[in-house]
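**Q** Just passing along the structure, written as structure tokens.
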Amino acid sequence: MFKSTTETIPETGAVPRHIAIIMDGNGRWARERLLPRVAGHHRGREAVRETVKHCVERGVEYLTLFAFSSENWRRPPEEVSVLQQLFRAALEQEVSKLNEVGIRLRVIGDLEPFGEVVMGLVGKAEALTAGNSRLTLTIAANYGGRWDLMQAVNRMVAEPRAKHGAFTEGDLARHLALNFAPEPDLFIRTGGEQRISNFLIWQLAYTELYFTPTLWPDFDARALDAAIASYQGRERRFGRTSEQVSTARKVAKSRAEPRRHRV
Ligand code: IPE
Ligand code: IPE
Ligand code: MG
Numbered sequence: 112m113f114k115s116t117t118e119t120i121p122e123t124g125a126v127p128r129h130i131a132i133i134m135d136g137n138g139r140w141a142r143e144r145l146l147p148r149v150a151g152h153h154r155g156r157e158a159v160r161e162t163v164k165h166c167v168e169r170g171v172e173y174l175t176l177f178a179f180s181s182e183n184w185r186r187p188p189e190e191v192s193v194l195q196q197l198f199r200a201a202l203e204q205e206v207s208k209l210n211e212v213g214i215r216l217r218v219i220g221d222l223e224p225f226g227e228v229v230m231g232l233v234g235k236a237e238a239l240t241a242g243n244s245r246l247t248l249t250i251a252a253n254y255g256g257r258w259d260l261m262q263a264v265n266r267m268v269a270e271p272r273a274k275h276g277a278f279t280e281g282d283l284a285r286h287l288a289l290n291f292a293p294e295p296d297l298f299i300r301t302g303g304e305q306r307i308s309n310f311l312i313w314q315l316a317y318t319e320l321y322f323t324p325t326l327w328p329d330f331d332a333r334a335l336d337a338a339i340a341s342y343q344g345r346e347r348r349f350g351r352t353s354e355q356v357s358t359a360r361k362v363a364k365s366r367a368e369p370r371r372h373r374v
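Residue numbers (this note's numbering): 112 to 374.
Shown next as structure tokens:
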């Protein structure tokens, strides 16, 4: 079980261990080029490939990508159908490559409406890559933060319990769809909007937020490095004062250094 940012103060490093991204702006990218919106989604797939590759190179351990929200069903049916086809094609064509480079694939969200074929492909992909440890790539598909909280609450209260009393944060966190990952260190949203759009509403409690006007199909290694550089300039206080943070850092550093003068 990973440490909760509200119950303990997690150790943080220079490279974010977990990056979560809202890949937004595909439609506008296409519109700027007088192309149909779906052309933007196709190009967005290339940006996913590049981002995954660069995260592996930078040593990021978890990458979570918002591909389709529980509210995206409200879009025109033709666009919804293209997005579903793209998801299915990615599952059919990319999984063996991901497996070859040691990536573990997970999918979170309510997959039922996608049908049995997609559910089967997801199950197979997750099983095939389960033993990989280079990077955990999570795709959020038909995912909504509120859906996640509700399914977690429902499963939590239905579970047989040894002791009675109030549920804890840990009880709930264990039932969330992303229970296999630490809370994100860095959240990125491309496309210029500054909102969460019902993404990981529980887990983003202490995540550093980064918004960029870059449209998702234009997001590349340089853009990712810019987001990581911004993250590195932040002071993560988790409720403490700045002075407490620097004292804690000095103590951790002196513990890590080998003792030179032993008596
Ligand atoms: C993000 O790009 C992709 C999905 C939501 C699936 P959009 O399609 O939302 O692009 P914009 O925001 O309309 O430009
Ligand atoms: C959020 O983008 C969902 C995904 C990127 C999958 P939207 O484009 O759907 O968000 P809103 O509607 O602008 O908030
Ligand atoms: Mg959008």
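Backbone N, C-alpha and C fix where the C-beta goes; we use that ideal spot for every residue, glycine too.
Taking the alpha-carbon positions, what's the residue 349 to residue 114 distance?
**A** In the sequence shown, residue 349 corresponds to position 238, counting from 1. In the sequence shown, residue 114 corresponds to position 3, counting from 1. So the alpha carbons of these two residues sit roughly 13 Å apart.
**Q** Using the beta-carbon of each residue, find all residues closer than 6 Å to any heavy atom of ligand 2 and list them in chain order.
**A** Near ligand 2, meaning a Cβ closer than 6 Å to any of its heavy atoms, lie the following residues in chain order: 133, 134, 135, 177, 178, 179, 180, 183, 304, 306 and 308.
**Q** Please return the same chain residues whose Cβ sits closer than 6 Å to the Cβ of residue 193, not counting the five positions on each side in sequence.
**A** Counted from its first residue, the sequence shown places residue 193 at position 82. 149.
**Q** Flag this pair as yes or no: are the beta carbons of residue 129 and residue 172 separated by less than 8 Å?
**A** Counted from its first residue, the sequence shown places residue 129 at position 18. Counted from its first residue, the sequence shown places residue 172 at position 61. Yes.
**Q** Would you list the one or two residues that DSSP bridges to residue 254?
**A** Start at 1 with the first residue of the sequence shown, and residue 254 comes out as number 143. Bridge partners of residue 254: 180.
**Q** I need the boundaries of the alpha helix (DSSP H) containing residue 190, first residue and last residue.
**A** The count along the sequence shown starts at 1 and reaches residue 190 at position 79. 188-211 is the span of the alpha helix (DSSP H), which, as asked, contains residue 190.
**Q** List in chain order: all unbroken beta strand (DSSP E) runs of 3+ residues lying wholly within the stretch 284-329.
**A** 297-300 and 319-322
**Q** Quick one, which of 210, 262, 254 and 234 has its alpha-carbon nearest residue 240's?
**A** Reading the sequence shown from its first residue, position 129 is the one you call residue 240. With distances taken between Cα atoms, residue 240 lies closest to 210.
**Q** By the 10 Å Cβ neighbour count, where 16 or more other Cβ atoms means buried, how is residue 291 classified, buried or exposed?
**A** In the sequence shown, the residue the question calls residue 291 occupies position 180. By the neighbour-count rule (16 or more Cβ atoms within 10 Å), residue 291 is not buried but exposed.
**Q** Does residue 269 pass the burial test, meaning 16 or more other C-beta atoms within 10 Å, or should it be called exposed?
**A** On the sequence shown, residue 269 is found 158 positions in, with the first residue counted as 1. Exposed, because fewer than 16 other Cβ atoms sit within 10 Å of the Cβ of residue 269.
**Q** Apply the 10 Å Cβ neighbour rule to residue 134 and answer buried if 16 or more other Cβ atoms are within range, or exposed otherwise.
**A** Taking the first residue of the sequence shown as 1, we reach residue 134 at position 23. When all chains shown are included, residue 134 counts as buried.
**Q** Is the stretch 212-224 close to the stretch 232-250, with three or more CB pairs under 8 Å?
**A** Cβ pair count under 8 Å is three or more, so yes.
**Q** Based on Cα-Cα distance, which residue from 326, 367 and 317 lies nearest to residue 118?
**A** To locate residue 118, count along the sequence shown from 1; it is residue 7. Its Cα nearest to that of residue 118, the residue 317 stands out among 326, 367 and 317.
**Q** Could you pull the start and end residues of the beta strand (DSSP E) that residue 218 belongs to?
**A** Working through the sequence shown from its first residue, we reach residue 218 at position 107. 214-219 is the extent of the beta strand (DSSP E) around residue 218.
**Q** May I have the straight-line CA-CA distance separating residue 332 from residue 162, to the nearest angstrom?
**A** Taking the first residue of the sequence shown as position 1, residue 332 is located at position 221. Taking the first residue of the sequence shown as position 1, residue 162 is located at position 51. Using only the alpha carbons, I get a separation of about 6 Å.
**Q** Are there three or more Cβ pairs, one per stretch, closer than 8 Å when the stretch 229-238 is compared with the stretch 253-268?
**A** no
**Q** Looking at the structure shown, is residue 246 part of a helix, part of a strand, or coil, going by DSSP?
**A** The residue you call residue 246 lines up with position 135 of the sequence shown. Three-state result, residue 246: strand.
**Q** With 16 as the cutoff for other CB atoms within 10 Å, does residue 127 come out buried or exposed?
**A** Numbered from its first residue, the sequence shown carries residue 127 at position 16. Buried.
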